[in-house]
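The structure appears below as structure tokens.
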Amino acid sequence: MQVPLIQLQCGVNSYDWGKIGKSSAAAKFAAATASSDFSIQEEKPYAELWMGTHPSLPSKDLETQGTLLDIVQDNQALLSKDIADRYGNKLPFLFKVLSINKALSIQAHPNKKLAEQLHAKDPKNYPDDNHKPEMTIAVTPFDGLCGFRPLAEISHFLRNIPSLRKLVGGEEAENFESTVKGQETSDKEEDQIANKKALQSAFTKLMNAEKNTLASATEELLQAAKSEGASFAGSGGPSNDGQELADLVIRLNSQFPGDIGLFVQFFLNYVKLDIGEAMFLKADDIHAYLSGDIIECMASSDNVVRAGFTPKFKDVDTLTTMLTYSYAPISEQKMSPVDYPYATLDAKAYSSNSSVILYDPPIPEFAVVRTALNKSGAKATFDPIQGPSIVLCTKGKGTISVGPKKEMIEEGYVFFVGATAELVLESEIDGDDGEGFVTFKAFCEL
Ligand SMILES: NNC(=O)[C@@H](O)[C@H](O)[C@H](O)COP(=O)(O)O
Ligand SMILES: [Zn+2]
39 MQVPLIQLQC
49 GVNSYDWGKI
59 GKSSAAAKFA
69 AATASSDFSI
79 QEEKPYAELW
89 MGTHPSLPSK
99 DLETQGTLLD
109 IVQDNQALLS
119 KDIADRYGNK
129 LPFLFKVLSI
139 NKALSIQAHP
149 NKKLAEQLHA
159 KDPKNYPDDN
169 HKPEMTIAVT
179 PFDGLCGFRP
189 LAEISHFLRN
199 IPSLRKLVGG
209 EEAENFESTV
219 KGQETSDKEE
229 DQIANKKALQ
239 SAFTKLMNAE
249 KNTLASATEE
259 LLQAAKSEGA
269 SFAGSGGPSN
279 DGQELADLVI
289 RLNSQFPGDI
299 GLFVQFFLNY
309 VKLDIGEAMF
319 LKADDIHAYL
329 SGDIIECMAS
339 SDNVVRAGFT
349 PKFKDVDTLT
359 TMLTYSYAPI
369 SEQKMSPVDY
379 PYATLDAKAY
389 SSNSSVILYD
399 PPIPEFAVVR
409 TALNKSGAKA
419 TFDPIQGPSI
429 VLCTKGKGTI
439 SVGPKKEMIE
449 EGYVFFVGAT
459 AELVLESEID
469 GDDGEGFVTF
479 KAFCEL
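Quick note on our numbering: the sequence shown kicks off at 39 and runs consecutively.
Shown next, in the form of structure tokens:
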């Protein structure tokens, strides 16, 4: 049987929001093993490197040019029987690198039930019948809008940003404020139901703002952002950094002039992730990523319901009705990675402060391990798992071995590792600025 270690050639797409030319990590990684007819065009945006079996951009065996999908369908043992039985003969996850130059759409991904309905009704815009919970790990500093803010923050902005209040409507804003007042953080079910109903009503009103009203409200908002600086949006407010919010309004307006998204940010948490920090988004959680290079892993689906910050198909009614309207502080969006207990570091790895970190979201389809080996010869040996993995190198170089097969791996290289393989990663370089040879491994095991 073939040694379950296959080097992949992965495709990159060019959504508008991608970083341009060689500044895109997704483009650079794709170019590392692309065929000769691919070259990075200086003026072109490159958004997402896809690694996996999803048919919209299938990864290939670099050597044979066969698709990974065909390979695992012909050899179920590479997935493990349990996983093939549960998810069909394909990878349960889709692994990506995103290089974000400007805002992604204001979006949410439908849960399984809604995904099946949308796919049946409109397969062109909803290509999958699967949910798409996703996790994001920052490779460079990242910022984004994720999940509804704590309700007191939304009330604060409705009181202190006249243009926002105008779009939501005085009566609607009144209803929201009076409903949530005093029970913003109540854990009583009836309070939370009332809060979510009021939030959905106010947010839906905002998302359906009339065109002319939006145009004049945008003028007023920009005026305030430019003139009020640090006291913008009501000083002493939740973000207590009016200047940061004002800058964000100006930045987003330069990308999507007059877009409703400019006002959505006062309903959503503004999240910043440092390198190595991560967050998890359940199905139906609203978000809009704004900038940075990230590793993204998700259940295998390409279903996106969009409502702003995009030239693509928007489906506002579906978005405003599908959301969970759960609200929480940013801290609850972030994940707390832990040391991965099923890998052994050798002495060189230990002495060079190497690490193997696990990002494990509360869903069965995937988890991701980040390995940093910071000295030449440092080694990490992974216990065999009953499931498939995809390994990407984002920095430096080393070797990747499964049993007798040993391959070179360097920045941009991607490998598929089959079930039950004993994987060994070894660095070929010292870590100059702290980290030497960095890889991310997405995997699924039941
Ligand atoms: N949050 N990130 C994602 O869901 C990515 O995996 C999606 O592929 C992008 O959101 C798609 O972006 P567009 O809305 O199509 O411009
Ligand atoms: Zn998303």
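Using N, Cα and C, we set each Cβ at its ideal position, and we do this for glycine too.
Q) What does Trp88 pair with, by DSSP beta-bridge criteria? A) The count along the sequence shown starts at 1 and reaches residue 88 at position 50. Answer is Gly49, Lys134.
Q) What is the residue span of the alpha helix (DSSP H) that Thr102 lies within? A) Taking the sequence shown and counting its residues from 1, one reaches residue 102 at position 64. Unbroken run through Thr102: none, as it is neither H nor E.
Q | Cα-Cα separation between Met488 and Ala416, rounded to whole angstroms | A | Given a span of 39 to 484 for the chain in the structure shown, any question on residue 488 remains unanswerable.
Q) With C-beta atoms as the reference, is Gly441 less than 7 Å away from Val110? A) As a first step, residue 441 is located in the sequence shown; it is residue number 403 there, counting from the start. As a first step, residue 110 is located in the sequence shown; it is residue number 72 there, counting from the start. In this structure, Val110 does not lie closer than 7 Å to Gly441 by Cβ.
Q: Under the assumption that Ala284 contacts Ala263 (Cβ atoms under 8 Å), give the Cβ distance between them as a whole number of angstroms.
A: If you number the sequence shown from 1, residue 284 lands on position 246. If you number the sequence shown from 1, residue 263 lands on position 225. 4 Å between Cβ atoms; contact.
Q.
Quick check on the DSSP output: the beta strand (DSSP E) that includes Ala418 runs from which residue to which?
A. Position 380 of the sequence shown, counted from the first residue, corresponds to residue 418. First-last of the beta strand (DSSP E) with Ala418: 417 to 420.
Q. Which partner residues of Arg344 appear in the DSSP bridge assignment?
A. As a working note, residue 344 is residue 306 in the sequence shown. Partner(s): Gln145.
Q: Could you tell me if Ala385 is buried or exposed, where buried requires 16 or more neighbouring beta carbons within 10 angstroms of its beta carbon?
A: By 1-based counting over the sequence shown, the position of residue 385 is 347. It counts as exposed.
Q. When you compare each of Gly56, Cys48, Lys60 to Glu101 by their alpha carbons, which one comes out closest?
A. The residue given as residue 101 occupies position 63 in the sequence shown. Considering only alpha carbons, the answer is Cys48.
Q. So which of Gly450, Phe420, Ser427 has the shortest CA-CA distance to Gly434?
A. Position 396 of the sequence shown, counted from the first residue, corresponds to residue 434. Among Gly450, Phe420, Ser427, the Cα nearest to that of Gly434 belongs to Gly450.
(Q) Please tell me whether, using a cut-off of 6 Å, the distance from the CB of Tyr397 to the nearest non-hydrogen atom of ligand 1 is below it. (A) Taking the sequence shown and counting its residues from 1, one reaches residue 397 at position 359. Checking every heavy atom of ligand 1 against the Cβ of Tyr397, none is found closer than 6 Å.
Q: Would you check if there are 3 or more beta carbon pairs closer than 8 Å linking the region 187 to 204 to the region 322 to 332?
A: no
**Q.** One or two residues paired with Pro83 in a DSSP bridge
**A.** The residue labelled residue 83 in the question sits at position 45 within the sequence shown. Ile58.
**Q.** Reduced DSSP secondary structure (H/G/I, E/B, other) of Lys413
**A.** In the sequence shown, counting from the first residue as 1, residue 413 sits at position 375. It is coil, neither helix nor strand.
Q. Does the separation of the CB atoms of Phe478 and Leu411 fall below 7 Å?
A. Counted from its first residue, the sequence shown places residue 478 at position 440. Counted from its first residue, the sequence shown places residue 411 at position 373. No. Outside cutoff.
Q) Relative to the C-alpha of Asp108, which residue among Lys119, Asp120, Ile121, Pro93 is closest? A) In the sequence shown, the residue the question calls residue 108 occupies position 70. That would be Pro93, whose Cα lies nearest to the Cα of Asp108.
**Q.** Contact set, ligand 2 heavy atom to C-beta under 6 Å
**A.** Gln145, His147, Glu172, His325
Q: Less than 8 Å between the CB atoms is what I'm expecting for Ser216 and Gly425, so what's the real figure, rounded?
A: Taking the first residue of the sequence shown as position 1, residue 216 is located at position 178. Taking the first residue of the sequence shown as position 1, residue 425 is located at position 387. Actually they are not in contact, since the Cβ atoms of Ser216 and Gly425 sit about 51 Å apart, beyond 8 Å.
Q.
Could you compute how far the alpha carbon of Lys150 sits from the alpha carbon of Asp471?
A. Numbered from its first residue, the sequence shown carries residue 150 at position 112. Numbered from its first residue, the sequence shown carries residue 471 at position 433. Using only the alpha carbons, I get a separation of about 43 Å.
Q) Considering only C-alpha positions, which residue in the set Thr432, Leu286, Asn233 is nearest to Ala268? A) Stepping through the sequence shown from its first residue, residue 268 is reached at position 230. If we check each option's Cα against that of Ala268, Leu286 comes out closest.
**Q.** Nearest neighbour of Arg408, chosen from Ala69, Pro399, Ser393 [CA to CA]
**A.** Sequence index remark: in the sequence shown, residue 408 carries index 370 (1-based). Nearest option by C-alpha distance: Ser393.
Q) In whole angstroms, what separates the C-alpha of Gln114 from that of Thr458? A) In the sequence shown, residue 114 corresponds to position 76, counting from 1. In the sequence shown, residue 458 corresponds to position 420, counting from 1. So the two alpha carbons sit approximately 12 Å from each other.
Q: Take Ala63 as the anchor and find which of Gln230, Asn168, Thr71, Ile332 has the nearest alpha-carbon.
A: Here residue 63 refers to the residue found at position 25 when the sequence shown is read from its first residue. Taking only the C-alpha atoms, the option nearest Ala63 is Ile332.
Q. Does any heavy atom of ligand 1 sit closer than 6 Å to the C-beta of Ser23?
A. Outside the displayed range of the chain (39 to 484) lies residue 23, so it cannot be described from this structure.
Q. For the 8 Å Cβ check, are there 3 or more pairs between the region 137 to 145 and the region 53 to 70?
A. yes
Q: Please name the residue, chosen from Gln230, Gly207, Gln103, Gly272, that lies closest to Thr242 on a Cα-to-Cα basis.
A: The residue you call residue 242 lines up with position 204 of the sequence shown. Closest by alpha carbon: Gly207.
Q.
Going residue by residue through the region 167 to 209, where are the continuous beta strand (DSSP E) segments of at least 3 residues, counting only ones entirely within it?
A. 172 to 176, 180 to 186
Q: Since I believe Pro179 is in contact with Asp312 (beta carbons under 8 Å), could you give me their beta-carbon distance rounded to a whole number of angstroms?
A: Within the sequence shown, residue 312 is the residue found at index 274, counting from 1. Within the sequence shown, residue 179 is the residue found at index 141, counting from 1. About 6 Å; that satisfies the 8 Å criterion.
Q.
Tell me the DSSP secondary structure of Met373 in three-state form.
A. Within the sequence shown, numbered from 1, the residue matching residue 373 stands at position 335. Met373 falls in the coil class under three-state DSSP.
**Q.** Any 3 or more C-beta pairs closer than 8 Å across the region 340 to 354 and the region 209 to 223
**A.** no
Q. When you compare only the Cα positions, how much space is there between Asn127 and Phe420?
A. Taking the first residue of the sequence shown as 1, we reach residue 127 at position 89. Taking the first residue of the sequence shown as 1, we reach residue 420 at position 382. In a straight line, the C-alpha of Asn127 is about 24 Å away from that of Phe420.
Q: For Val342, verify whether its CB is less than 6 Å away from any heavy atom of ligand 1.
A: For this step, residue 342 is matched to residue 304 along the sequence shown. Yes; taking the cut-off as 6 Å, the Cβ of Val342 has a heavy atom of ligand 1 nearer than that.
(Q) Buried or exposed, going by whether 16 or more other CB atoms sit within 10 Å of the CB of Glu257? (A) Here residue 257 refers to the residue found at position 219 of the sequence shown. With fewer than 16 other Cβ atoms within 10 Å, it is exposed.
Q.
When you measure from the CB of Tyr308 to every non-hydrogen atom of ligand 1, does any distance come out below 6 Å?
A. If you number the sequence shown from 1, residue 308 lands on position 270. Incorrect: Tyr308 has no Cβ contact closer than 6 Å to ligand 1.
**Q.** Separation of Pro399 from Gln155, as counted between CA atoms
**A.** Indexing the sequence shown from 1 puts residue 155 at position 117. Indexing the sequence shown from 1 puts residue 399 at position 361. Cα to Cα, Gln155 sits roughly 26 Å from Pro399.
**Q.** Cα-Cα separation, Glu80 to Val50
**A.** The residue given as residue 80 occupies position 42 in the sequence shown. The residue given as residue 50 occupies position 12 in the sequence shown. Answer to the nearest angstrom: the Cα atoms are 15 Å apart.
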